[in-house]
Structures are given as structure tokens and as C-alpha cells.
Amino acid sequence: MRLIFYDLTNQDQKGKASVISLFLKSLLGAAAVVIIALLSKSKNFYIAGLVPLFPTFALIAHFIVGSERSMEELRQTALFGLWSLLPYAAYLAAVYYFSYRFSLVTTLSAATVIWLMAASLLIVAWTKVMISV
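With this note's numbering applied, the sequence shown has no gaps in its numbers, which climb one by one up to 134 at the end.
What follows is the structure in C-alpha cells.
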């Protein structure tokens with residue numbers, strides 16, 4: 002603990018802001034996990050599936066891109082974010098389908114593989130389209 006405090010006190014202002022920013026991001030992630038855990042135990046357990054879709058990380062990503070790059074690049078990031086819903090939809094469809102046939106671990110593992118394949122296809126397609134434009 003003392004080493005961490007010493008390290009923080011010896012960093013410049015930008016470094017301190019970076020550490021504080023990382024800490025706040027981790028708090029947001031932890032809050033989302035707590036909310037999901039609480040909702041999963043409630044009678045409205047299905048709402049737990051909505052929490053990951055709250056744009057916490059999108060807000061952070063868009064703020065970083067928007068402050069470090071142009072508004073055109075922010076628009077590109079938002080457009081890619083819209084297209085990235087396709088791998089997520091493939092993941093959800095796989096969870097739904099596989100949950101009838103396999104155990105929880107197998108279902109989630111297979112759905113993750115589906116997401117990875119769909120995300121890889123999206124990245125390859127996006128790169129080819131955006132480079133050719």
C-alpha cells in the first residue's frame with residue numbers, strides 16, 4: 002500500500018489523472034457487476050441481461066476517442082459500434098439455442114466461440130471496407 006501511495010505521489014499531474022481515471026472506470030465495472038448480481042436474484046432476473054447494454058464502456062470509449070481524435074473518427078467509432086451489435090446478437094442467439102442442448106459451461110463456451118468468430122469476421126470486413134474507401 003505504501004509503495005502504491007509513494008508511486009502516486011511521485012507521478013506528474015497527467016499520471017495522477019490517468020490513475021484516477023482507471024480507478025473510476027474500475028468502479029463503474031464493479032458497480033455493473035453488483036447490479037447484475039442483485040438483479041439476477043430478483044423476480045425480474047431477466048433485467049440483468051439489460052445492464053451490460055448500458056453504454057458505460059461506450060461512454061468511456063467515445064469520450065477518449067472524441068477527446069483524442071476528430072469528430073469524424075468519433076462517428077466512425079459509433080458506426081462500428083452499431084455493426085458490433087451483430088456479434089453480440091450471434092452470441093445471444095447461440096446462448097438461447099445451445100441452452101436447450103448443453104450444460105451451462107458448454108453453452109457459454111460455444112456462444113463465446115460464436116462471438117469470437119462473428120467479431121473476427123466483422124473486423125476483417127470493416128478493415129477491408131474502410132481501407133478501400
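Beta carbons are placed, not taken as given, at the ideal position from N, Cα and C, and that holds for glycine.
Remember, predicted model here, so these are calculated numbers, not experimental data.
{"Query": "Using 10 angstroms around the beta-carbon of A91, count the other beta-carbons present and answer buried if the total reaches 16, otherwise exposed.", "Result": "buried"}
{"Query": "Buried or exposed: I132, going by 16 or more other Cβ atoms within 10 Å of its Cβ?", "Result": "exposed"}
{"Query": "Give the DSSP-derived three-state secondary structure of L51 in the structure shown.", "Result": "coil"}
{"Query": "Quick check: what's the CA-CA separation for K26 versus S19?", "Result": "11 Å"}
{"Query": "What do you get for I115, buried or exposed, if any count of 16 or more other CB atoms within 10 angstroms of its CB means buried?", "Result": "buried"}
{"Query": "Look at the alpha carbon of L86 and the alpha carbon of S121, and state the distance between them as a whole number of angstroms.", "Result": "13 Å"}
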